[in-house]
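Heads up: the sequence lines are chains G and S, in that order.
Each number in this note's numbering corresponds to the 1-based position in the first sequence with 273 added.
Each number in this note's numbering corresponds to the 1-based position in the second sequence with 273 added.
Quick reminder that beta carbons are idealized off the backbone N, C-alpha and C, glycines included.
Predicted model only: the values in this text are computed from it and were never measured.
There are 2 protein chains.
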Amino acid sequence: MEQELHTIKRTDETDDILLAALKLFAEQGYFNTSLTDIAKAAGLTTVSSIYQSFNNKQAIAIKLNDMIFDSLNVSIDDIRRRNQKASEQLRSFVNLLFKLTDEAPNIMRFLLVMQTNEFIPQQKPLLETPAFTKVVKIMQAGIRAGEIRNIDPLLATGFFLGVINNTLRMVLSGELEKNADAYQPQAWLAAWNLIAKKSTCF
Amino acid sequence: MEQELHTIKRTDETDDILLAALKLFAEQGYFNTSLTDIAKAAGLTTVSSIYQSFNNKQAIAIKLNDMIFDSLNVSIDDIRRRNQKASEQLRSFVNLLFKLTDEAPNIMRFLLVMQTNEFIPQQKPLLETPAFTKVVKIMQAGIRAGEIRNIDPLLATGFFLGVINNTLRMVLSGELEKNADAYQPQAWLAAWNLIAKKSTCF
DNA sequence: GTCTATACGCCGATAGAC
DNA sequence: GTCTATCGGCGTATAGAC
Numbered sequence: 274m275e276q277e278l279h280t281i282k283r284t285d286e287t288d289d290i291l292l293a294a295l296k297l298f299a300e301q302g303y304f305n306t307s308l309t310d311i312a313k314a315a316g317l318t319t320v321s322s323i324y325q326s327f328n329n330k331q332a333i334a335i336k337l338n339d340m341i342f343d344s345l346n347v348s349i350d351d352i353r354r355r356n357q358k359a360s361e362q363l364r365s366f367v368n369l370l371f372k373l374t375d376e377a378p379n380i381m382r383f384l385l386v387m388q389t390n391e392f393i394p395q396q397k398p399l400l401e402t403p404a405f406t407k408v409v410k411i412m413q414a415g416i417r418a419g420e421i422r423n424i425d426p427l428l429a430t431g432f433f434l435g436v437i438n439n440t441l442r443m444v445l446s447g448e449l450e451k452n453a454d455a456y457q458p459q460a461w462l463a464a465w466n467l468i469a470k471k472s473t474c475f
Numbered sequence: 274m275e276q277e278l279h280t281i282k283r284t285d286e287t288d289d290i291l292l293a294a295l296k297l298f299a300e301q302g303y304f305n306t307s308l309t310d311i312a313k314a315a316g317l318t319t320v321s322s323i324y325q326s327f328n329n330k331q332a333i334a335i336k337l338n339d340m341i342f343d344s345l346n347v348s349i350d351d352i353r354r355r356n357q358k359a360s361e362q363l364r365s366f367v368n369l370l371f372k373l374t375d376e377a378p379n380i381m382r383f384l385l386v387m388q389t390n391e392f393i394p395q396q397k398p399l400l401e402t403p404a405f406t407k408v409v410k411i412m413q414a415g416i417r418a419g420e421i422r423n424i425d426p427l428l429a430t431g432f433f434l435g436v437i438n439n440t441l442r443m444v445l446s447g448e449l450e451k452n453a454d455a456y457q458p459q460a461w462l463a464a465w466n467l468i469a470k471k472s473t474c475f
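What follows is the structure in structure tokens.
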């Protein structure tokens, strides 16, 4: 299952709805998913029940979005606290993303492939979200510390996450057959050498 | 303007519709765009006129999709014909993508950010389309020729295009402020060194 | 607070006059 | 072949019975 939305325990039917919605949104898209679909998948007898927990369809998506980004935000704070060097922090973050892709693919689809701004207008692009701006901060710190090459931190993050996220997207879409973790060592090495000051030459 | 859909000349109102649809789909999404919107943007007085050219809304999207991928396919054939080495072919291809991003951003949004499979079910993921499988072929040839490191060609393509496409996505979303071409040298170097046998060390 | 019934709007699509 | 009128359906949302 979706790893209890990664951290949140299922207690009442609100979480059933969120879990069902996450699955359906990720698999067939927000606009192809009706409240009827969600109610059915959540085991509710009636569509109306949804309105006990949410004001409207968009509110479900927003709640999901908030939970996912908040959880990621907490994880990143944790990673920054537990690790000193930029390389270690990025390594842990990459490991988190790969693990999530295998254990909670729908969360990663929500993060990486869904165009959430089409139904949550105020939604910002990935690198402008609180969680991912912290990755840019790690990059800046790494540059100051001499671990990372001296290039625009935003661009460096874009290159780095380009390799990581594209690999994960290919796993999620089935273009790559194995599970994400099988590609983690290669992807990490490629992404890190892209930005590291001392790159390992081949 | 959208560079006449890159190659096709506007002749009749069918192309007005396609151009309007491309713009609206790319800017607000397929499902947020009604036929009324398209008709208005195409300068038609009536929604019904659309049905003179297309059987339904999906047919517009499919036609756009076909035109874009066909055009790209032709360009890639051309690039492969005109260049010998894998490095040159990839360089030209990257240049094409960056130029397209600046000159026809909506085409690139269609290619890189829209989730076309949500409204064109038979649509394959990017790297399984005829156009992009040829990039994988270039990669294979480059490995055989000793230009490119000996790794899974599909993975290599994923890494390579991860850097390129993510950079372009960031330009298209406004996360990067300058035009795409301003980032081309850095992005190319990063992407190429990712896969090149003799990487330029920094 | 659970479910039935239903309202309401939007949109895709068609019929048919001219 | 252009435009008016309208249909049919789906999907969100609500009202209200129990």
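What residues from chain G crowd round S:Q388, counting only those whose CB sits closer than 8 Å? Mapped onto the second sequence, residue 388 of chain S falls at position 115. G302, V386, M387 and Q388, listed in chain order.
Assuming contact is defined by CB atoms lying nearer than 8 Å, are S:V386 and G:Q388 in contact in what I supplied? If you number the second sequence from 1, residue 386 of chain S lands on position 113. If you number the first sequence from 1, residue 388 of chain G lands on position 115. Result yes, Cβ atoms of S:V386 and G:Q388 sit closer than 8 Å.
Contact defined as beta carbons within less than 8 Å: I believe S:A414 pairs with S:A359. What is the distance between those atoms, to the nearest angstrom? Looking up residue 414 of chain S in the second sequence gives position 141. Looking up residue 359 of chain S in the second sequence gives position 86. Your pair S:A414 and S:A359 checks out as a contact, with CB atoms roughly 6 Å apart and the cut at 8 Å.
Determine the extent of the alpha helix (DSSP H) in which G:A453 is found, giving its start and end residues. Position 180 of the first sequence, counted from the start, is the residue given in the question as residue 453 of chain G. Where G:A453 is concerned, the enclosing alpha helix (DSSP H) stretches over A453 to I468.
Between the Cα of S:V347 and the Cα atoms of S:S326, S:K407 and S:E376, which residue gives the shortest distance? Here residue 347 of chain S is taken as the residue at index 74 of the second sequence, counted from 1. Answer by Cα proximity: S:K407.
In terms of residue numbering, what span does the alpha helix (DSSP H) encompassing S:M381 cover? Within the second sequence, residue 381 of chain S is the residue found at index 108, counting from 1. For S:M381, the enclosing alpha helix (DSSP H) stretches over residues P378 to L385.
With a threshold of 8 Å between beta-carbons, can S:M274 be considered close to chain G, or not? Taking the second sequence and counting its residues from 1, one reaches residue 274 of chain S at position 1. Any answer about S:M274 is weak, because its pLDDT of 45 lies below 50 and its placement is not dependable; what the coordinates show is given next. Not an interface residue.
Please compile the residues from chain G whose C-beta is within a distance smaller than 9 Å of the C-beta of S:V320. Here residue 320 of chain S corresponds to residue number 47 of the second sequence, with the count starting at 1. What S:V320 touches in chain G: nothing, since even the nearest Cβ is about 20 Å away.
Supposed contact pair G:G302 and S:E300 - C-beta distance, whole angstroms, cut 8 Å: For the purposes of this step, residue 300 of chain S is taken as residue 27 along the second sequence, with counting starting at 1. For the purposes of this step, residue 302 of chain G is taken as residue 29 along the first sequence, with counting starting at 1. Taking the Cβ atoms as the reference, S:E300 lies roughly 18 Å from G:G302, outside the contact range of under 8 Å.
Provide the residue(s) that pair with G:I437 in DSSP beta bridges, ordered along the chain. Mapped onto the first sequence, residue 437 of chain G falls at position 164. DSSP links G:I437 through a beta bridge to no other residue.
Those residues which DSSP pairs with G:I421 across a bridge: Working through the first sequence from its first residue, we reach residue 421 of chain G at position 148. Paired residues: G:A469.
Spatial neighbours of G:P426 in its chain, beta-carbon cut-off 7 Å, leaving aside the 5 residues before and after: What you label residue 426 of chain G is simply residue 153 of the first sequence in a count that begins at 1. Taken in chain order, the residues that qualify are V409, M412, Q413 and I416.
Do you know offhand how far S:I468's Cα is from S:A455's? Counted from its first residue, the second sequence places residue 468 of chain S at position 195. Counted from its first residue, the second sequence places residue 455 of chain S at position 182. Each residue's alpha carbon lies about 22 Å from the other.
Relative to the C-alpha of G:T287, which residue among G:S326, G:M340, G:K470 and G:E450 is closest? Here residue 287 of chain G refers to the residue found at position 14 when the first sequence is read from its first residue. Nearest in C-alpha terms to G:T287, of all of G:S326, G:M340, G:K470 and G:E450, is G:S326.
Taking C-beta pairs closer than 8 Å, name the residues in chain S that G:N438 reaches, listed in chain order. Locating residue 438 of chain G in the first sequence gives position 165, counting from the first residue. Neighbours of G:N438 on chain S, chain order: G435 and N439.
Given that a residue counts as buried once 16 or more other Cβ atoms are within 10 Å of its Cβ, and exposed if not, what is S:E450? Looking up residue 450 of chain S in the second sequence gives position 177. Counting the other Cβ atoms within 10 Å of the Cβ of S:E450 gives fewer than 16, which makes it exposed.
Any C-beta of chain G within less than 9 Å: which residues of the stretch 407–423 of chain S qualify? Answer set for the stretch 407–423 of chain S: R422.
Given S:S307 as reference, the closest of S:G316, S:T318, S:A294 and S:L317 once Cα atoms are compared: Sequence index remark: in the second sequence, residue 307 of chain S carries index 34 (1-based). Nearest of S:G316, S:T318, S:A294 and S:L317 to S:S307, Cα basis: S:A294.
Could you give the residue range of the alpha helix (DSSP H) that holds G:T287? Residue numbering aside, residue 287 of chain G sits at position 14 when the first sequence is read from its first letter. E286 to Q301 is the extent of the alpha helix (DSSP H) around G:T287.
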